[in-house]
Amino acid sequence: MNIQENISLLPYNTFGMDKKARFFVRAQSEKDVIDALLFAREKGIPLLVLGGGSNILLTKDWEGLVLKMEIKGIQVEDCSEDEVLVKVGAGENWHEFVLFCIENGYAGVENLSLIPGTVGASPMQNIGAYGVEIKEVFDSLWAIERSELANRRFSWEECAFGYRESVFKSALKDQYIITQVWFRLSKKPQIKTSYGAIQDTLKELGIRQPSIRDVSEAVIQIRRSKLPDPAEIGNAGSFFKNPTIPLEHFERLKSEYPNIPGYPGQDTVKVPAAWLIEQTGWKGKRFGSIGVHAKQPLVLVNYGGGEGKDIVKLSQDIQSSVYKKFGITLQPEVNFV
Numbered sequence: 001m002n003i004q005e006n007i008s009l010l011p012y013n014t015f016g017m018d019k020k021a022r023f024f025v026r027a028q029s030e031k032d033v034i035d036a037l038l039f040a041r042e043k044g045i046p047l048l049v050l051g052g053g054s055n056i057l058l059t060k061d062w063e064g065l066v067l068k069m070e071i072k073g074i075q076v077e078d079c080s081e082d083e084v085l086v087k088v089g090a091g092e093n094w095h096e097f098v099l100f101c102i103e104n105g106y107a108g109v110e111n112l113s114l115i116p117g118t119v120g121a122s123p124m125q126n127i128g129a130y131g132v133e134i135k136e137v138f139d140s141l142w143a144i145e146r147s148e149l150a151n152r153r154f155s156w157e158e159c160a161f162g163y164r165e166s167v168f169k170s171a172l173k174d175q176y177i178i179t180q181v182w183f184r185l186s187k188k189p190q191i192k193t194s195y196g197a198i199q200d201t202l203k204e205l206g207i208r209q210p211s212i213r214d215v216s217e218a219v220i221q222i223r224r225s226k227l228p229d230p231a232e233i234g235n236a237g238s239f240f241k242n243p244t245i246p247l248e249h250f251e252r253l254k255s256e257y258p259n260i261p262g263y264p265g266q267d268t269v270k271v272p273a274a275w276l277i278e279q280t281g282w283k284g285k286r287f288g289s290i291g292v293h294a295k296q297p298l299v300l301v302n303y304g305g306g307e308g309k310d311i312v313k314l315s316q317d318i319q320s321s322v323y324k325k326f327g328i329t330l331q332p333e334v335n336f337v
């Protein structure tokens, strides 16, 4: 195991924050993960796991060990006439895994195209986009318990999935390191095009009976038109979760703001955070090296040389404005480090 010291994390986070790790290691096997845990324990230092670095905001140097998850491999383990079970290393790039599925005719993740990050982070966040969440195709995962160094298989039920949530962000936060994920995918696609602008995009492309590849390409086109490329402008995608509020609260807001959008649930309504942020005047605002994206107010950006603490302050100001106007508390989707 090659432990490096005083390593810049600039290449390893999409927000483009130039912070350093006191120690840094790449984990390409489960043994590497256990060795890293033992090293951190021996030194008495904290350990931070990094996948694609697309859902974190570094606010200062990390005075511990950063473990860069690089366990690779995609393996078909079970196959029937209708579905396939695929085992994927936690360090695999998520979008490349989606492309693998499309090439092989495995349906279920095409709506999740171009989401940044690694496979290991997908169940942790229960990533979702355009009407699909990872919990719909998730089978199980393998993780290493940090204190006992023991492997454990987690079933769908044990992951306790919620909206951008799982047990690994709540009751078991920072207790396990995910190393392998199993997905159950369909050989008989059920195309989902009703959410967002997918139907309109397919229509523009002249596609009437879309394949999973068509859906993927439509999603990629939409995402590229709305979201900034982290290679050009530092960001972590959607900064806030879409809040869910009681139906009566939404109805009160609807009487005052007739154009407020909402997606009804059972006695609740999910309200787009982007709309709330835009209505409070933040869209396109720039403050030196940081700001709110001009096309998508849900995305906070680092134009270069920005500081994580300033992004945190900006996010808090946005939360305050939205709460003052609408009585809604926005929750960050990005993890502050």
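Residue numbering for the sequence shown follows UniProt numbering, starting at 1 and increasing by one per position. For glycine and all other residues, C-beta sits at the position ideal for the given N, C-alpha and C.
Is residue i helix, strand or coil when you go by DSSP?
| i | result |
| --- | --- |
| Ser140 | strand |
| Tyr176 | strand |
| Leu185 | strand |
| Ser321 | helix |
| Tyr263 | strand |
| Ser155 | strand |
| Asn335 | strand |
| Leu330 | coil |
| Ile290 | strand |
| Lys270 | strand |
| Ala121 | helix |
| Phe168 | helix |
| Glu145 | strand |
| Gly308 | helix |
Start and end of the beta strand (DSSP E) containing residue i?
| i | result |
| --- | --- |
| Gln279 | No beta strand (DSSP E) contains Gln279, which is instead part of the alpha helix (DSSP H) from Ala273 to Gln279. |
| Gln4 | Gln4 to Ser8 |
| Val109 | Premise fails: Val109 is in no beta strand (DSSP E) and is neither H nor E. |
| Lys20 | Lys20 to Ala27 |
Counting along the chain, where does the alpha helix (DSSP H) carrying residue i start and finish?
| i | result |
| --- | --- |
| Asp78 | Run containing Asp78: none in the alpha helix (DSSP H); it sits in the beta strand (DSSP E), Ile74 to Cys79. |
| Lys254 | Leu247 to Glu256 |
Using 10 angstroms around the beta-carbon of residue i, count the other beta-carbons present and answer buried if the total reaches 16, otherwise exposed.
| i | result |
| --- | --- |
| Leu300 | buried |
| Lys12 | First, the residue type needs correcting, since residue 12 is Tyr and not Lys in the sequence shown. Its Cβ being crowded by 16 or more others within 10 Å, Tyr12 is buried. |
| Lys254 | exposed |
| Gly52 | buried |
| Tyr130 | buried |
| Gly117 | buried |
| Val76 | exposed |
| Phe138 | buried |
| Cys101 | buried |
| Leu205 | exposed |
For residue i, which residues does DSSP report across the bridge?
| i | result |
| --- | --- |
| Gln199 | Bridge partners of Gln199: none, in fact. |
| Glu217 | Answer is none; Glu217 lacks a bridge partner. |
| Asn235 | Val301 |
| Thr244 | Lys270 |
Do we get a CB-CB distance below 7 Å when we pair residue i with the residues of chain B?
| i | result |
| --- | --- |
| Trp156 | No chain B is part of this structure, which consists of one protein chain only. |
Runs of alpha helix (DSSP H) lying entirely within the segment 36-99, each at least 4 residues, in chain order: none
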